[in-house]
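Peer 1:
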Amino acid sequence: MSRYRSPRAKGSPYITPEGAERLRDELNTLWKIERP
41 MSRYRSPRAK GSPYITPEGA ERLRDELNTL WKIERP
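Sequential numbering from 41 applies to the sequence shown in this note's numbering.
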């Protein structure tokens with residue numbers, strides 16, 4: 041017996057410019073401030 045899986049909403053797998061900037065800021069914070 042197989043389990044039914046409802047289809048997932050299709051979204052673009054690409055990162056947004058806002059998301060990229062947020063990740064970059066987090067990386068800089070970790071790299072420069074929290075772990076000098």
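All C-beta atoms, glycine included, are put in the ideal place defined by N, C-alpha and C. Note that the structure is predicted; figures quoted are calculated from it, not measured.
#1: According to DSSP, simplified to helix, strand and coil, what is R62?
#2: Taking the straight line between their C-alpha atoms, what separation do you get for P65 and I55?
#3: Rounded to the nearest angstrom, what separates S42 and E61 at their Cα positions?
#4: Rounded to whole angstroms, what is the Cα-Cα separation between R45 and R75?
Peer 2: Answer, in terms of the structure:
#1: Along the sequence shown, read from residue 1 onward, the residue named residue 62 stands at position 22. Correct three-state label for R62: helix.
#2: On the sequence shown, residue 65 is found 25 positions in, with the first residue counted as 1. On the sequence shown, residue 55 is found 15 positions in, with the first residue counted as 1. The sequence given here has Asp at residue 65, not Pro. For D65 and I55, the distance between alpha carbons rounds to 15 Å.
#3: Within the sequence shown, the letter at position 2 stands for residue 42. Within the sequence shown, the letter at position 21 stands for residue 61. Straight-line Cα distance between these residues: approximately 42 Å.
#4: On the sequence shown, residue 45 is found 5 positions in, with the first residue counted as 1. On the sequence shown, residue 75 is found 35 positions in, with the first residue counted as 1. In a straight line, the C-alpha of R45 is about 43 Å away from that of R75.
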